[in-house]
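Peer 1: Protein chains in written order, with this note's numbering: chain G, 1 to 289; chain F, 1001 to 1289.
2 protein chains.
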Amino acid sequence: MENMRSIKTSTRVCAIIGNPVAHSLSPAIHNAAFASLDLDFVYVAFRVEDVGQAIAGMRAMENFRGMSVTIPHKIEALKHVDVVEAVDRRIGSINTVISDNGKLLGLGTDGPGALKALADAGVAINGKNVLMLGAGGAARAIAFTLAGNGGPAVIEILDINETMLQQLTADLTAGTETVIKSNKMTDHCLVEAMSLADIIIHCTPVGMHPRERVSIVPPVLFRPDQVVFDIVYTPLETKLLADARAKGLQVISGVEMFINQAILQFERFTGVDAPVEVMRNVVMEHLKS
Amino acid sequence: MENMRSIKTSTRVCAIIGNPVAHSLSPAIHNAAFASLDLDFVYVAFRVEDVGQAIAGMRAMENFRGMSVTIPHKIEALKHVDVVEAVDRRIGSINTVISDNGKLLGLGTDGPGALKALADAGVAINGKNVLMLGAGGAARAIAFTLAGNGGPAVIEILDINETMLQQLTADLTAGTETVIKSNKMTDHCLVEAMSLADIIIHCTPVGMHPRERVSIVPPVLFRPDQVVFDIVYTPLETKLLADARAKGLQVISGVEMFINQAILQFERFTGVDAPVEVMRNVVMEHLKS
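1) Should F/G1148 be labelled buried (16 or more other beta-carbon atoms within 10 Å of its own) or exposed?
2) Is the Cβ of F/G1092 closer than 8 Å to any Cβ of chain G?
3) Considering only C-alpha positions, which residue in the set G/D159, G/K239, G/A174 and G/H286 is nearest to G/I193?
4) Under 8 Å between C-beta atoms, does F/D1171 make it to chain G?
5) So that I know if they touch, is there some Cβ in chain F lying closer than 8 Å to that of G/M61?
6) By a C-beta neighbour count over all protein chains shown, 10 Å radius and 16 as the cutoff for buried, is F/P1235 buried or exposed?
7) If you compare alpha carbons, which of G/D225, G/V227, G/T238 and G/V191 is closest to G/P205?
8) Hey, G/S182 and G/I157 are a contact pair by Cβ (cut 8 Å); roughly how many whole angstroms apart?
9) Does F/K1008 get closer than 8 Å to chain G when you measure Cβ to Cβ?
10) Apart from the five residues just before and just after G/H80, which ones in its own chain have a Cβ nearer than 6 Å to its Cβ?
11) How many Å lie between F/D1100 and G/K103 at the Cα?
12) Cβ atoms of G/V282 and G/L249: under 8 Å apart, would you say?
13) Leaving out the 5 sequence neighbours to the left and right, which residues in its chain are closer than 7 Å to G/R5 when beta-carbon positions are compared?
14) Grab me the residues of F/A1135's own chain with a C-beta within less than 7 Å of its C-beta, minus the 5 sequence neighbours each way, in chain order.
15) Spell out whether any CB of chain G is found under 8 Å from the CB atom of F/F1266.
16) Which whole runs of the beta strand (DSSP E) in the region 135-218 of chain G are 3 residues long or more, in chain order?
17) Checking contacts by CB at 8 Å: is G/K288 closer than that to chain F?
18) Just the chain F side, please: which residues come within less than 9 Å of G/F144 by C-beta, in chain order?
19) Measuring only the C-alpha atoms, how far is F/E967 from F/A1015?
20) For the alpha helix (DSSP H) containing G/K288, list its first residue and its last residue.
21) According to DSSP, is G/K103 part of a helix, a strand, or is it coil?
22) Rank F/H1202, F/V1255 and F/T1145 by C-alpha distance to the C-alpha of F/G1175 and give the top, closest one.
23) Can the beta-carbon of G/A274 be found closer than 8 Å to that of G/A117?
24) Which word fits F/V1256, buried or exposed, when buried means at least 16 other C-beta atoms lie within 10 angstroms of its C-beta?
25) Nearest chain F C-beta to G/T11 closer than 8 Å, yes or no?
26) I'd like to know if the region 1014-1028 of chain F and the region 1061-1073 of chain F are in contact, where contact means that at least 3 CB-CB pairs between them fall below 8 Å.
27) Under a three-way DSSP split, which group does F/Q1265 fall into?
28) What's the C-alpha gap between F/R1280 and F/A1022?
29) With DSSP collapsed to three states, give me the class of F/R1245.
30) Can you tell me whether G/M371 is buried or exposed? The criterion is at least 16 other CB atoms within 10 Å of its CB, across all chains shown.
31) Residues of the region 1046-1072 of chain F with a CB closer than 9 Å to any CB of chain G: list them in chain order, please.
32) Could you work out which residue in G/T9, G/E177 and G/Q265 is closest to F/S1068 when comparing CA atoms only?
33) Whose C-beta lies closer than 7 Å to the C-beta of F/K1011 among residues of the same chain, with five residues either side of it excluded?
34) What does F/S1024 reach in chain G if we use C-beta pairs closer than 7 Å?
35) What does DSSP give as the partner residue(s) for F/T1096 in the beta ladder?
36) Check the Cβ of G/Y43 against every Cβ in chain F and list those closer than 8 Å, keeping chain order.
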């Protein structure tokens, strides 16, 4: 483990920017990973209101290598970088900025983190019927990533917000080859969608700490062989996942997506393979405490 | 000693900005001082070309507490902060930026660092005849600080660059009560000035590593009871100081000014008394190696 005195003029800096950032696990995760590989990096947290100025500052500071971008800046940040990967332009947000000598690359690791969480769990996407509950920012990132990489037969999206739902449906239909269905979230539509879904991905805040005792999906709707993935990770097992597991379904916690998005960021920051167990252990220690 | 894993979301960041910064001792000095007092701070180095953007970025990043500003940005940096102390506006440069929740205070610690080096050595300024060799940025900072705080009878300035000399003389005459004399640096003027000076402050790069075997002042001009202060600190003892010491004069190395400007910055960054011996030891270890 390096100590602070070993920070040198060559040390490269990464940071999370967001508002708030006080409870972010990212400094703990990334610093532990840097230390375990003896990398000349340090990771700090900056609460930021003016994301454009923060990114301009990053560009001007040569050793400022990378940013993790979190709420509420993921959409605005995209406007202030030099290069954005095509899928992230379609998603319309980024969670990572990499500076190559002041040229800023923006990209998202939330969608790829979710895809990797599914792959790590042995879940094949190809040809499957995917039901997404929620059409917000995380759902956009995951839907575009699955459509672009996983080859699902159908992605069906339900949300109570019809404006967001229609926007995501239109963007996905224009931007991918996958069949996209969408409906306003009603009891009737949920029953029908659950009867068709192979993989259910929950992308709303329902069930998140401190309101843990709620779930969108009545347990009666689960069918054997369905996989349920909840992007919420506080608690580690939401009511949705506990209900699904009680019915014998395969479940994937949002913590897997969270860890994987950090792993993918780390590898972009450093160019080396992430120390996965070190990073996982930091997350688990913090979330269990 | 803290380790990197102890960096938290609350950790406040300080940095040196300049170009180049690769050989700066500031990260080693300040991180050792933070660690010795167990302060939740970290200090990094950023090579910067666009100082305005770097300072704008600092303003936008809430935990970015302080900057040390070095060559070539000390003059430009002054234009990008919100508040500048009066003496620093007259000097026309700053070496420190402090962010109080995005409100940026600019100030200089080079002049006060030189004044403290003289005070620490027991040298009284009041009523003395001070000879400054050189009229550049460091000379400006020191001259304004001495004139404003030390009460010398006369400050005489010699330089080969008459434009800089006249500018500094005019600014000092307008901005202070001290009697200011200035002359182009010639053999004749140096002989006369040395015959009158009580305290000689050398503010040019002459004698700096790697051209160590030169000095502006022929040893024959030294008189007993003079004090010689060289702001050059590589080597720790310049030829000027070695010559003066061989004649029995009191000498002060530029390293004292360097340490003191860092101490004064540290106290502005943190609001607590600097661990002076820790900081001195880091400087001495580096300069002797």
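Every residue gets a Cβ at the ideal spot worked out from N, C-alpha and C, and that includes glycine.
Note that the structure is a prediction, hence the values are computed from the model and not measured.
Peer 2: On the basis of the data shown:
1) As a working note, residue 1148 of chain F is residue 148 in the second sequence. Classification for F/G1148: buried.
2) Translated into positions along the second sequence, residue 1092 of chain F becomes position 92. Chain G contact via Cβ: absent.
3) Here residue 193 of chain G refers to the residue found at position 193 of the first sequence. Here residue 193 of chain G is Ala; the residue named in the question, Ile, does not match the sequence. Nearest C-alpha to G/A193: G/D159.
4) Counted from its first residue, the second sequence places residue 1171 of chain F at position 171. No, F/D1171 lies away from the interface with chain G (no Cβ there is under 8 Å from its Cβ).
5) In the first sequence, residue 61 of chain G corresponds to position 61, counting from 1. Judged by the 8 Å Cβ criterion, G/M61 is in contact with chain F.
6) Translated into the one-based positions of the second sequence, residue 1235 of chain F becomes position 235. Looking at its Cβ environment, which holds 16 or more other Cβ atoms inside 10 Å, F/P1235 is buried.
7) Counted from its first residue, the first sequence places residue 205 of chain G at position 205. G/P205 has its Cα closest to that of G/T238, out of G/D225, G/V227, G/T238 and G/V191.
8) Along the first sequence, one-based indexing puts residue 182 of chain G at 182. Along the first sequence, one-based indexing puts residue 157 of chain G at 157. The Cβ separation is near 4 Å, so the contact holds.
9) Sequence index remark: in the second sequence, residue 1008 of chain F carries index 8 (1-based). Yes, F/K1008 lies at the interface with chain G (some Cβ there is under 8 Å from its Cβ).
10) To locate residue 80 of chain G, count along the first sequence from 1; it is residue 80. The residues are G52 and I55.
11) Looking up residue 1100 of chain F in the second sequence gives position 100. Looking up residue 103 of chain G in the first sequence gives position 103. Rounded to the nearest angstrom, the two C-alpha atoms are 29 Å apart.
12) In the first sequence, residue 249 of chain G corresponds to position 249, counting from 1. In the first sequence, residue 282 of chain G corresponds to position 282, counting from 1. Not a contact, by the Cβ cut-off of 8 Å.
13) What you label residue 5 of chain G is simply residue 5 of the first sequence in a count that begins at 1. Any reading at G/R5 is ruled out, since the residue's pLDDT is 45, under 50, leaving its predicted position unreliable.
14) For this step, residue 1135 of chain F is matched to residue 135 along the second sequence. Cβ within range, chain order: I1157, D1159, N1161, M1164, L1165 and L1168.
15) Taking the first residue of the second sequence as 1, we reach residue 1266 of chain F at position 266. Residue-level contact check: F/F1266 does not touch chain G, since none of the beta carbons of chain G fall below 8 Å from its beta carbon.
16) Counting only runs of 3 or more, we get 154-159, 179-184 and 199-202.
17) As a first step, residue 288 of chain G must be located in the first sequence, where it is residue number 288. No, because no Cβ of chain F sits closer than 8 Å to the Cβ of G/K288.
18) Taking the first sequence and counting its residues from 1, one reaches residue 144 of chain G at position 144. Ordered by position in chain F, no residue passes the 9 Å Cβ test against G/F144, which lies about 29 Å from the chain.
19) Residue 967 of chain F lies beyond the stretch modelled for chain F, which goes from 1001 to 1289, so this question has no answer here.
20) Locating residue 288 of chain G in the first sequence gives position 288, where the first residue counts as 1. Looking at the DSSP string, the run of the alpha helix (DSSP H) that includes G/K288 is V276 to K288.
21) Translated into positions along the first sequence, residue 103 of chain G becomes position 103. Three-state DSSP puts G/K103 in a strand.
22) Looking up residue 1175 of chain F in the second sequence gives position 175. That would be F/T1145, whose Cα lies nearest to the Cα of F/G1175.
23) Here the question's residue 274 of chain G lines up with position 274 in the first sequence. Here the question's residue 117 of chain G lines up with position 117 in the first sequence. Contact: no.
24) For the purposes of this step, residue 1256 of chain F is identified with residue 256 of the second sequence, where counting begins at 1. What sits at residue 1256 of chain F in the sequence shown is Glu, not Val. It counts as buried.
25) Working through the first sequence from its first residue, we reach residue 11 of chain G at position 11. By this cut-off, G/T11 is an interface position.
26) When Cβ pairs closer than 8 Å are counted between the two stretches, the region 1014-1028 of chain F is seen to touch the region 1061-1073 of chain F, the count reaching three or more.
27) Here the question's residue 1265 of chain F lines up with position 265 in the second sequence. Reduced to three states, the DSSP call for F/Q1265 is helix.
28) The residue given as residue 1280 of chain F occupies position 280 in the second sequence. The residue given as residue 1022 of chain F occupies position 22 in the second sequence. Straight-line spacing of the CA atoms in F/R1280 and F/A1022 works out to 20 Å.
29) For the purposes of this step, residue 1245 of chain F is taken as residue 245 along the second sequence, with counting starting at 1. Here F/R1245 sits in helix by DSSP.
30) Absent from the model: residue 371 of chain G. The displayed extent of chain G is 1 to 289, so no value can be given.
31) So the close ones are F1046, R1047, V1048, E1049, D1050, V1051, G1052, Q1053, A1054, I1055, A1056, G1057, M1058, R1059, A1060, M1061, E1062, N1063 and F1064.
32) In the second sequence, counting from the first residue as 1, residue 1068 of chain F sits at position 68. Nearest option by C-alpha distance: G/T9.
33) The residue you call residue 1011 of chain F lines up with position 11 of the second sequence. Sequence check: residue 1011 of chain F is Thr here, not Lys. For F/T1011, where only same-chain residues beyond five positions count, the Cβ hits under 7 Å are D1040, F1041, V1042 and N1063.
34) Locating residue 1024 of chain F in the second sequence gives position 24, where the first residue counts as 1. Contact annotation for F/S1024 against chain G: T9 [CB-CB distance below 7 Å, chain order].
35) Reading the second sequence from its first residue, position 96 is the one you call residue 1096 of chain F. Note: F/T1096 sits in a beta bridge opposite F/S1068 and F/L1107.
36) Position 43 of the first sequence, counting from 1, holds the residue named residue 43 of chain G. In chain order: I1007.
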